[in-house]
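What follows is a short report on a single structure.
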DNA sequence: TGCTCGTTCGA
DNA sequence: CGAACGAGC
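In full-length UniProt numbering, the protein residues as written are 1 to 471.
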């Protein structure tokens, strides 16, 4: 009887799970393991919202395994030490896992792989979460891509719809001394997470459900609906993707199958959505090739940029959604309440922090890291560097979002604003978009006056960028 | 995946 | 006088 260990990390699914499939194909018995080791993730251990999600996702994985007659062995500690101990306890001859792409994870996994091989254990890693490995794609100059469009053109032409594998049948084995998931203490001591629980269903089954909901929406009008924050017009698959509860290949396959059944003249275009998955690939490509970018400006000219001094009071108003700018505050409160924010609104609140308040993008990246259920180092880094203008293929520095016109354009009726700003619930456009224009409204609602003048702060940002460029 | 301002054009 | 458009930020 040969035994393999499958080391689960952020691939919390049973279907289309290459490490698990390979283990089940080549070995009679399989031990699924999760090792909680946040100390191995450096400065980017999961934040509070992420830990919540992880808890529920592990619970879902455990219950699915139990239905299969198997069981997830849960531990905490040093990954290598625990794996060695389990190899010893089970007589396993192989350890399989799916790759991660954060610099600290790569370093850890290389060490683990080398150490296991040295003791004669077969150690193999697989690709479970990307269409294409970051090292498998380069420009004609044999350099990593730095611009999205050529990256996407190259990836898109090679993309074919392939059927994902289904879940294997698992002959699991039980090992003593596993922990209950509760023992990992991933849930908050103070239960602030009720909003998260109402908004989401973590786990592979929740991911499948979200995909089905999205298939129906995508089939109608993703291209326009995705820009309206009041609607659930986006896929809302990001946290599921982050934890590997579903793969891009599964999504692509499902969407392609769904639209191919529709009459060609009315067939919706899934390219805009595939392109968003392309941005995710690009983010991973960049993080792999430029591992310093979670903290260092991609464009080093920005090292000289005149940020405002760190200002905790301003930062706190932004975090708590009390800036006095309705769309910014609505977004920040949506984030706090649900662990997620609509993508268009993310761009607006980020632009406001980096340009109107001129606070360093690090502060925004860190807050998102702690509060987003889809916090992902590659995506978060790309997003913040893109907005601040310091990134690869970033928004030009002079592109400053005006949160009022964005709200007028994408939340014309103010439905999203009223949902998240209860004190303005009886206001309506046009004053809802600019409540400071009605002193009586501010007074009776208690909604704050804007912390900065949008026009003045925009001009100040442009001149700061200008002088950086001149320097 | 922008904004603002100035200009022009048509009601 | 406002919509539409292009240039420059």
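Glycine included, every Cβ here is placed at the ideal spot set by N, Cα and C. It should be emphasised that the depicted structure is a prediction, and the values quoted were computed from it without experimental measurement.
ask   = Within the chosen definition, does the segment 25 to 45 reach the segment 87 to 100 through at least 3 CB pairs nearer than 8 Å?
value = Touching, yes.
ask   = So which of 238, 249, 142 and 204 has the shortest CA-CA distance to residue 158?
value = 249
message = When you compare the CB positions of residue 273 and residue 222, do they come within less than 8 Å of one another, or not?
response = yes
task = Consult DSSP for residue 34 and reduce its assignment to one of helix, strand or coil.
result = Correct three-state label for residue 34: strand.
ask   = Are the Cβ atoms of residue 241 and residue 280 separated by less than 8 Å?
value = yes
key: For residue 173 and residue 75, the rounded distance between their alpha carbons   = Looking at the two C-alpha atoms, the distance is approximately 15 Å.
Neighbourhood of residue 458 by C-beta distance below 6 Å, restricted to the same chain and skipping five residues each side = 400
key: Selected residue, minimal CA-CA separation from residue 185, among 47, 6 and 334   = 47
ask   = Leaving out five residues before and five after residue 416 in sequence, what residues of the same chain have Cβ atoms less than 7 Å from its Cβ?
value = 229, 230 and 330
message = Less than 8 Å between the C-beta atoms of residue 344 and residue 307, yes or no?
response = In this structure, residue 307 does not lie closer than 8 Å to residue 344 by Cβ.
ask   = Does the distance from the CB of residue 287 to the CB of residue 220 come in under 8 Å?
value = no
key: Cutoff 8 Å; reference residue 155; Cβ partners in own chain excluding five residues on either side   = 131, 132, 137, 278 and 281
request  = Report the three-state DSSP secondary structure of residue 94 (helix, strand or coil).
outcome  = Three-state result, residue 94: strand.
Burial state of residue 526 (16 or more Cβ within 10 Å) = No answer is possible for residue 526: it lies beyond the span of the chain, which begins at 1 and ends at 471.
query = Below 8 Å, can you find three or more Cβ-Cβ pairs linking the segment 257 to 265 to the segment 355 to 372?
reply = no
query = DSSP state of residue 281, grouped into three classes?
reply = Here residue 281 sits in helix by DSSP.
query = Are the beta-carbon atoms of residue 365 and residue 336 separated by less than 8 Å?
reply = no
key: Alpha carbon of residue 58 to alpha carbon of residue 12, nearest angstrom   = Our two residues, residue 58 and residue 12, have alpha carbons roughly 7 Å apart in a direct line.
message = Classify residue 67: buried if its beta carbon has 16 or more other beta carbons within 10 angstroms, exposed otherwise.
response = exposed
message = Taking 8 Å as the cut-off, does the segment 310 to 319 touch the segment 389 to 400 (at least 3 CB pairs, one atom from each stretch)?
response = A contact between stretches requires three or more CB pairs, one per stretch, nearer than 8 Å, and the segment 389 to 400 fails this requirement with the segment 310 to 319.
message = With three or more C-beta pairs closer than 8 Å as the rule, is the segment 191 to 206 touching the segment 285 to 304?
response = no
ask   = Where do the ends of the beta strand (DSSP E) carrying residue 73 lie?
value = Per DSSP, residue 73 belongs to the beta strand (DSSP E) from 73 to 76.
ask   = Can you give the Cα-Cα distance for residue 34 and residue 8, rounded to whole angstroms?
value = Looking at the two C-alpha atoms, the distance is approximately 5 Å.
query = DSSP on residue 6, reduced to helix/strand/coil?
reply = strand
ask   = How would you write the range of the alpha helix (DSSP H) that residue 208 sits in, first residue to last?
value = 204 to 225
query = Does the distance from the CB of residue 324 to the CB of residue 407 come in under 8 Å?
reply = It is not a contact, given that the beta carbons lie outside the stated cut-off.
8 Å Cβ cutoff met for residue 73 and residue 175 = yes
task = Would you kindly check if the distance between the Cβ of residue 56 and the Cβ of residue 233 is under 8 Å?
result = no
Where residue 271 falls, given that 16 or more other Cβ within 10 Å makes a residue buried = Exposed is the label assigned to residue 271, since fewer than 16 other Cβ atoms lie within 10 Å of its Cβ.
Residue range of the unbroken beta strand (DSSP E) whose run includes residue 126 = That run of the beta strand (DSSP E) goes 122 to 126.
inquiry  = According to DSSP, is residue 29 part of a helix, a strand, or is it coil?
reply    = strand
task = State the beta-bridge partners of residue 172 as determined by DSSP.
result = 30
ask   = Would DSSP call residue 132 helix, strand or coil?
value = coil
Span separating the alpha-carbon of residue 363 from that of residue 369 = The alpha-carbon atoms of residue 363 and residue 369 are separated by roughly 10 Å.
key: residue 187 beta carbon less than 8 Å from that of residue 254   = no
message = Here's the rule I'm using: 16 or more other beta-carbon atoms within 10 Å means buried, otherwise exposed. How should residue 341 be labelled?
response = buried
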